[in-house]
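The numbers in the UniProt record's numbering rise by one with no breaks, and the one at position 3 of the sequence shown is 3.
Idealized CB from N, CA, C, for every residue including glycine.
All figures in this text were calculated on a predicted structure; none of them were measured in a lab.
What follows is a short report on a single structure.
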Amino acid sequence: MDLANGTAQVLGQYMHPVVDRDKSERGDPWQRNYGAPPPVGELVPRTSPLIDIRPLLSDPRYTVVGHLESHGFGVVKHRSAALQACYTDEGEVDEEAVASVYYPEVKELVMQALGAKSVHVTHSVFRKGASAPEPFRMPTGLKPLTPSASAAALTTKPDHGQEAAARPAAPGRPAEQARQAKPASYWTSRPRMSTSTPARVPHLDFTPLSARRTLRHQSRDIFEAAVERGMIAAEDGICQNHPFQPSAKESDALIAEQYNHAGTGQLGPRYAAYSIWRPLRTVARDPLTFSPRREVPASAVGNMVHWQYENKVPGPPELGGDWLKEFAMLGVTAREEPAEQSVSPEGARPEWFYLSAQEPDEVLFVQLFDSASLGETSQHAGAPWHASPEIGAAAGPEPRQSIDVRVVVFW
Numbered sequence: 001m002d003l004a005n006g007t008a009q010v011l012g013q014y015m016h017p018v019v020d021r022d023k024s025e026r027g028d029p030w031q032r033n034y035g036a037p038p039p040v041g042e043l044v045p046r047t048s049p050l051i052d053i054r055p056l057l058s059d060p061r062y063t064v065v066g067h068l069e070s071h072g073f074g075v076v077k078h079r080s081a082a083l084q085a086c087y088t089d090e091g092e093v094d095e096e097a098v099a100s101v102y103y104p105e106v107k108e109l110v111m112q113a114l115g116a117k118s119v120h121v122t123h124s125v126f127r128k129g130a131s132a133p134e135p136f137r138m139p140t141g142l143k144p145l146t147p148s149a150s151a152a153a154l155t156t157k158p159d160h161g162q163e164a165a166a167r168p169a170a171p172g173r174p175a176e177q178a179r180q181a182k183p184a185s186y187w188t189s190r191p192r193m194s195t196s197t198p199a200r201v202p203h204l205d206f207t208p209l210s211a212r213r214t215l216r217h218q219s220r221d222i223f224e225a226a227v228e229r230g231m232i233a234a235e236d237g238i239c240q241n242h243p244f245q246p247s248a249k250e251s252d253a254l255i256a257e258q259y260n261h262a263g264t265g266q267l268g269p270r271y272a273a274y275s276i277w278r279p280l281r282t283v284a285r286d287p288l289t290f291s292p293r294r295e296v297p298a299s300a301v302g303n304m305v306h307w308q309y310e311n312k313v314p315g316p317p318e319l320g321g322d323w324l325k326e327f328a329m330l331g332v333t334a335r336e337e338p339a340e341q342s343v344s345p346e347g348a349r350p351e352w353f354y355l356s357a358q359e360p361d362e363v364l365f366v367q368l369f370d371s372a373s374l375g376e377t378s379q380h381a382g383a384p385w386h387a388s389p390e391i392g393a394a395a396g397p398e399p400r401q402s403i404d405v406r407v408v409v410f411w
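Quick look at the structure:
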């Protein structure tokens, strides 16, 4: 921690891949495990001060909708009535119980907070950190929540108050490969849970392209809702006189320009994706942090690189089966940190925000995509970069535990 204006300044250390804008290889996503990013080579640290938004929550003008529009994330005060029933006496998570009682609670919470017409759960992630700093390793694929994995993932009940290996598999440890080798039918039969650790690399779980592909390939109920509410027709109509479809990368700029009506301020049929992120105990280390951004065409900025790539995702056979979803990492162009005087205003580091000592009844709504943010004249924030940094001496001893439910939302 540093002292700023007489108060303790928490510093977050992030890990960034060193990316050559022209030469870094993304590989063939079809040859990797479900959910496995491409090899990124060396990860190097960068440190940034963290801005605490806790004082903002007591401002009577604060609303989650307003903060989503300005920053791409927000906090909703909500005590779960369902989550306590999702654990055994041994502290293991019951996936069936989470699906039957916690998912409906999350859907109702999102509808009430955002005024949405329908909410669809795609999957969820349980994350557990360590009690001391340890080297960060990139994920090697989706890890299902199995009986043996659940005990390792969660060792205590929450404190409330208080992608089948298809084609040649990527190298990895045999036990890990076995867990990741679930068939596509396992992942697509219903929204599933996977397990992971806090992510140190700033990243985006969605791009506008992956949002359009999600509508068409994630699940039958999402596709039918997108047809009924006009999203599919709107995107198809924009591309009808062009040699590409909305699911093609080439349509990015055109749809961003035409989906919303800049002249009148009228939005196209609105849809979004969110992570509904709840800690299971007070967060003492590995906080989830955010760096706001606009949803403009991806580009390299100064010493940072907006590095997009595709992962293989399991999809139901009736919608075409497995598909490719676009993600992004925030990379750097050099291993060594540039001298302060060499950092141009355009290359200045992003600002990072967090909620100090976040409690289980303080639920983060993390925007992954929102069609309202499309277009250069949009006043709506894009999806923020997000990651969980090391916070050094500011960290407490308790490992972080959290549940993250991913949803697609229609208005």
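How many angstroms separate the CA atom of residue i from the CA atom of residue j?
i	j	result
L288	D404	11 Å
G74	L355	10 Å
G35	Q13	25 Å
D20	T47	21 Å
S371	Q9	35 Å
G91	L280	12 Å
T155	R406	Because T155 sits at a pLDDT of 42, beneath the cut-off of 50, its placement in the model cannot be relied upon, and the following sentence gives the value as read from the coordinates. Taking the straight line joining both Cα atoms gives about 23 Å.
P104	P55	31 Å
L215	V227	9 Å
Y87	D322	32 Å
S291	S24	24 Å
F353	G72	11 Å
T282	P397	11 Å
Q240	M231	14 Å
W307	G331	6 Å
R380	D89	At residue 380 the sequence reads His, which differs from the Arg that was named. Approximately 44 Å between the Cα atoms of the pair.
P208	S373	10 Å
P139	F365	23 Å
D286	H386	12 Å
R26	Y309	6 Å
P45	P338	12 Å
S58	E359	15 Å
Apply the 10 Å Cβ neighbour rule to residue i and answer buried if 16 or more other Cβ atoms are within range, or exposed otherwise.
i	result
S378	buried
A393	exposed
E134	exposed
K182	buried
H242	exposed
W30	exposed
A253	exposed
H261	exposed
residue 412	For the chain, the structure presents residues 1 to 411; residue 412 sits outside this window and is missing.
D28	exposed
E351	exposed
P60	exposed
E336	exposed
K312	buried
P38	buried
K249	exposed
A328	buried
F244	exposed
R79	exposed
G382	buried
A211	buried
Q341	Only weak support is given to the placement of Q341: the predicted model assigns it a pLDDT of 45, under 50, and the value that follows is read from those uncertain coordinates. It is exposed - the Cβ of Q341 has fewer than 16 other Cβ atoms within 10 Å.
By DSSP, does residue i sit in helix, in strand, or in coil?
i	result
S124	strand
G12	strand
A113	helix
F223	helix
M193	strand
K249	helix
Y354	strand
G74	strand
S371	helix
P360	coil
R406	strand
V40	coil
S131	coil
T47	strand
E96	helix
For my contact list, residue i and residue j are in at a C-beta cut-off of 8 Å; report their separation, rounded to the angstrom.
i	j	result
P399	S196	At roughly 13 Å, the Cβ-Cβ gap does not stay under 8 Å, so P399 and S196 are not in contact.
G41	V18	6 Å
R192	H123	6 Å
R213	S247	5 Å
V110	Y271	Actually they do not touch by this definition, with Cβ atoms about 13 Å apart.
R278	V363	5 Å
A234	Y259	7 Å
F126	V93	6 Å
S276	V106	The amino acid occupying residue 276 in the given sequence is Ile; Ser does not appear at that position. Contact flag correct, Cβ pair sits at about 5 Å.
L11	I391	7 Å
P384	Q367	7 Å
Inside the region 267 to 338 only - alpha helix (DSSP H) runs reaching at least 4 residues: Listed in chain order, there is nothing to give.
Return the chain-ordered ranges of every beta strand (DSSP E) run that is complete within the region 380 to 404 and spans a minimum of 3 residues. Fully contained in the region 380 to 404 are the following beta strand (DSSP E) runs of length 3 or more, in chain order: 385 to 387.
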